[in-house]
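*Asks:*
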Amino acid sequence: MAHFEIRDLSFSYASAKGRLSLEHVSFSVERGEYIVLCGRSGSGKTTLLKQLKPVLAPAGKRSGEVLFNGVSVKQLSERDQAAKIGYVMQNPDDQIVTDKVWHELAFGLESLGCDQKTMRARVAEMACYFGIQDWFHRDVANLSGGQKQLLNLASIMAMQPEMLILDEPTSQLDPIAASDFLNTVRKINLELGTTVLITEHRLEDIFPHADRAVVMDGGRIIADDIPRNIGKLLYEQENPMFTAMPTPVRVFYGARGEGRCPLTVREGRSWLSEAFPAPPRLTSLPEEPLEEDIPDPALTMKELWFRYEKDSPDILRGVSGEVPAGSLCAIVGGNGAGKSTALKAICGINRPYRGKIKVFGKPVEKYKSAELFNHCLSMLPQDPKSLFVKKTVREDLEEMNKDKARVQEIAELCQITALLDSHPYDLSGGEQQRAALAKVLLTEPRLLLLDEPTKGIDSFFKETFAQILAELKQKGITIVMVSHDVEFCARYADRVSMFFDGQILTTDTPQRFFGGNSFYTTAANRMSRHVFSHAVTAENVIDLYRRNMEDEG
Amino acid sequence: MKREENDAFSRCHPAVGFVFFVGAIGLGAMILHPAYILASGIFAVSYYCLLRGAKGLKLVALSIPVFLFLTFANPLVNHDGQRVLTHVFGKPYTLEALIYGMVIAGMLVVMLLWAGCYNAVMTSDKFMTLFGGVIPTISMLLLMVLRLVPNMIRKIKQLAGARKCIGRGAGENATRREKITDSLNVISALMTWALEGGVITADSMRSRGYGTDKRTTFQLHALRRQDAALLIWMGLLAAAIIALIAGGGTAADYTPVMNITPVAGRRVWGFAAYCLFLSLPTVLYVKEAVQWRISRFGI
């Protein structure tokens, strides 16, 4: 008997006037399976997941059946739903109910009316399993995003559910925290046998380990197979979902490789080794050198030192660097290295106690606030929601500029014309990001600062976003972005700088920057570095592979 | 704010802390006798400084001007008393009223210090441990509301920061009207944000079975023998003090005629009980420090 069985499920939201969000969905999940549900944003993944736990299901019309252990989920009591089906949501903050870590861990058990002895045992057990004992007594407000999401997972696992449903759990986390989290989920699946159904944008980490991948598009299931076959199927269908596949899969099909499709970097390396038993003739693509001296830099930072309080440690410890006008510069680096603090220093929110910042050759403190933020400098914050204050996107944009034609123009550039009359909070993550960008662009900046612009965005929106950035660059706008997303930086940035220990350590072109690193680099580089040098994107590897193969053929 | 339970009294069961503070503040409010207020003040200052270290002295220093102000202000509104010192605005300024002011001000400042100690010791989770079982819904609600406030403040800061970086939001030379419009914008955004978050929190609660059964409360703190002993000890002392108060042993009148019961005879025992009660946190602290040294260095 299947653990979960979905039979011919259709659903339309009460507000959607009959438009189906799920159309005749059928699939089943066996006990102990690890299943990845993928699809672009808005394809109905979350809608489907919520149907599996009726207390979370939104109002609307539904037909078909969802069976849990052979019984319709609607017949499950709320108590059984809570205890047996665990559900982790996207936002780490809002899911937390109490103010202390230990209390949050116990919350579910308290609700189920567990007795002290069981509760103590379970809480202790979970704290150890998830490595929470060191922060067991802390306030939840002081935890990092990754710790919060781990806490959410642990507090659900304390109820010992049979089934774990995760809805894009890592979209708000940085890559290192995300991969920690996903490893923990996998550990739970392997060691406790809990059935896992997960949706994710970051397929790189989980796709190779999944038992099956289910692909959704427009409310329908378009594929349901083992991961290795899914790549092939999507490639043959020319489905846009293909761009979300792990790098080895994209390289393999993009290069029209032969043999078995690699899923992991390790498999990718052996595939390349087999394809090139002898070193290939062409091992690197032509590169442009890094311009060392920059005439009229858009931004100059000299020896910036900053700390939050008088006796707190320095966050910025001598940041220096120059950004050439009209380029896209990426600053990468670990969590808490001070990247965002540096951006805020440029904006004047954090005043460095030593050092100089020049924007277009003029010291930043010489600007008047109105002058600096008009036609000069603007920043897109990490959470795009913090820019929205009105009821519709249009009103929000018109707050910046009364000129309707200009608003329309920018909306077209950011591809949000269809969304102008929606409430900003009803947009998806990628749409919010573009609407916020539109709002920022209406200040007509010449220097644009972006703080983690690709966080929580799926691969299609990333491409659209990159197009928009390219258009801005053509118009001569200088862009500085802080990011964890090495793949994005490798592909689109002109210069990449490494931020570490409160300073910028190195700056180089993406090819040489990532090509020189062995760990802090892209998957494409890790899989190809033994054959090609300085191939940092999937496109680079495909290009080199094809050129060498043509020579041979 | 970082709160660490690093002293012996804070580590006791929450019931011990709660009973102590009810006693210290409740009994303190019933006694207007200067000797008792002084004793209470000494122990409040000593424990507060042990808890907060050098930062504790700040509040103590701050309370001195409050104390002085109230002391000298009282005779301005209260003109009773026999020994007239001078006339202010044509009204008598009497010694009795001055002393009465000093006593009232002292009591107020001492209560303030005890409240500061309460804040540091009785964290919200301790409160939940005590009352979560008795009034689960209300204490849960209280906890969530308390969590909401700092969250809101964080979000206001985030919104204001984000707006500043796009040149919106009231800058240094904005007019009052602009400032008001801007705050309204921020507040309305904050409300939407909070509602949005609230829906998710509610989902998260329901999804973890909130309201499906009678709630139990996780007891982080177990009641140990020492806690029980302390509770009994405090009960005995409190009974002695209440008997003393009921017998008029702490009576003190100031106006119109000053009449303070001396601490003498059997009343000394009552005063001692009061001091023993209030010194409990300090004594536990010192006792622990001494024990630690002995166990560590064998002295």
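The listed protein sequences derive, respectively, from chains Y and V. Position 484 of the first sequence, counting from 1, maps to 484 under the working numbering, and the rest follow consecutively. Position 66 of the second sequence, counting from 1, maps to 1066 under the working numbering, and the rest follow consecutively. Quick reminder that beta carbons are idealized off the backbone N, C-alpha and C, glycines included.
Using a Cβ cut-off of 9 Å (strictly closer), state whether Y:G145 contacts chain V.
*Replies:* no
*Asks:* Compute the distance between the beta-carbons of Y:T283 and Y:V531, then report whether it is under 9 Å.
*Replies:* Taking 9 Å as the cut-off, the beta carbon of Y:T283 is found closer than this to the beta carbon of Y:V531.
*Asks:* Quick check on Y:T247: does DSSP put it in helix, strand or coil?
*Replies:* helix
*Asks:* Thinking Y:V482 and Y:S340 are a contact (beta carbons under 8 Å), I'd like their distance in whole angstroms, please.
*Replies:* Taking the Cβ atoms as the reference, Y:V482 lies roughly 6 Å from Y:S340, within the contact range of under 8 Å.
*Asks:* Check whether the region 27-44 of chain Y and the region 91-101 of chain Y are in contact - that is, three or more C-beta pairs closer than 8 Å.
*Replies:* no
*Asks:* So for Y:T478, helix, strand or coil by DSSP?
*Replies:* strand
*Asks:* The alpha helix (DSSP H) that contains V:Y1285, what's its start and end?
*Replies:* That run of the alpha helix (DSSP H) goes 1280-1297.
*Asks:* Suppose the cutoff is 7 Å on Cβ atoms and the five residues either side in sequence are ignored; what does the same chain contact list for V:G1116 look like?
*Replies:* Y1048, L1059
*Asks:* Are the CB atoms of V:A1044 and V:Y1285 within a distance shorter than 9 Å?
*Replies:* no
*Asks:* Using a Cβ distance threshold of 8 Å, determine whether the region 168-177 of chain Y contacts the region 132-140 of chain Y, with at least three qualifying pairs required.
*Replies:* In this structure the region 168-177 of chain Y does not touch the region 132-140 of chain Y; the number of beta carbon pairs closer than 8 Å is below three.
*Asks:* Quick check: the region 363-378 of chain Y against the region 393-406 of chain Y, are there 3 or more CB pairs under 8 Å?
*Replies:* no
*Asks:* Alpha carbon to alpha carbon, what distance is there between Y:Q81 and Y:E204?
*Replies:* 31 Å
*Asks:* Excluding the 5 residues flanking V:G1041 on each side, which residues of the same chain have their C-beta closer than 6 Å to its C-beta?
*Replies:* V1110
*Asks:* Quick check on V:M1144 - is its C-beta less than 9 Å from some C-beta in chain Y?
*Replies:* yes
*Asks:* Let me check understanding here. Comparing Cα to Cα, which of Y:M379, Y:L197, Y:I206, Y:A470 lies closest to Y:K439?
*Replies:* Y:M379
*Asks:* I believe V:I1260 touches V:H1033 by the beta-carbon criterion, under 8 Å. Please report the beta-carbon distance rounded to the nearest angstrom.
*Replies:* 7 Å
*Asks:* Under 9 Å between C-beta atoms, does Y:Y87 make it to chain V?
*Replies:* Taking CB atoms only, Y:Y87 has a neighbour in chain V less than 9 Å away.
*Asks:* Just the Cα atoms here: how many angstroms apart are Y:N548 and Y:P248?
*Replies:* In a straight line, the C-alpha of Y:N548 is about 18 Å away from that of Y:P248.
*Asks:* Would you be able to state if there are at least three C-beta pairs under 8 Å between the region 12-20 of chain Y and the region 70-78 of chain Y?
*Replies:* no
*Asks:* Which residues mark the beginning and the end of the alpha helix (DSSP H) in which Y:G430 is found?
*Replies:* 429-441
*Asks:* Once DSSP output is grouped into helix, strand and coil, what is the label at Y:N525?
*Replies:* helix
*Asks:* Does the distance from the C-beta atom of Y:G502 to that of Y:I226 stay below 9 Å?
*Replies:* no
*Asks:* In whole angstroms, what separates the C-alpha of V:E1096 from that of V:P1150?
*Replies:* 46 Å
*Asks:* Determine whether the Cβ of Y:V389 lies closer than 9 Å to any Cβ atom of chain V.
*Replies:* yes
*Asks:* According to DSSP, simplified to helix, strand and coil, what is Y:N350?
*Replies:* coil
*Asks:* Once DSSP output is grouped into helix, strand and coil, what is the label at Y:Q75?
*Replies:* helix
*Asks:* Enumerate in chain order the residues of its own chain whose CB-to-CB distance from V:F1297 is below 6 Å, with the five nearest sequence positions on each side excluded.
*Replies:* none
*Asks:* Answer yes or no: does any C-beta atom of chain V fall closer than 9 Å to that of Y:K385?
*Replies:* yes
*Asks:* Have a look at V:A1252, V:A1228, V:A1024 and flag the residue whose alpha-carbon is nearest the alpha-carbon of V:Y1118.
*Replies:* V:A1024
*Asks:* Would you give the residue range spanned by the beta strand (DSSP E) that Y:I165 belongs to?
*Replies:* 163-167
*Asks:* According to the neighbour-count rule (16 or more other Cβ atoms, all chains shown, within 10 Å of its Cβ), is V:S1295 buried or exposed?
*Replies:* By the neighbour-count rule (16 or more Cβ atoms within 10 Å), V:S1295 is not buried but exposed.
*Asks:* Alpha carbon to alpha carbon, how far is Y:F252 from Y:K473? Give it in angstroms, no decimals.
*Replies:* 32 Å
*Asks:* Please give the ranges of any alpha helix (DSSP H) in the region 291-327 of chain Y, keeping only runs that are unbroken, at least 4 residues long and fully inside the region.
*Replies:* none
*Asks:* What residues from the region 537-550 of chain Y come within 9 Å of chain V, judged by C-beta to C-beta, listed N to C?
*Replies:* none
*Asks:* Who does Y:M379 pair with in a DSSP beta bridge?
*Replies:* Y:L449
*Asks:* State buried or exposed for V:W1269, treating a residue as buried only when at least 16 other CB atoms are found within 10 Å of its CB.
*Replies:* exposed
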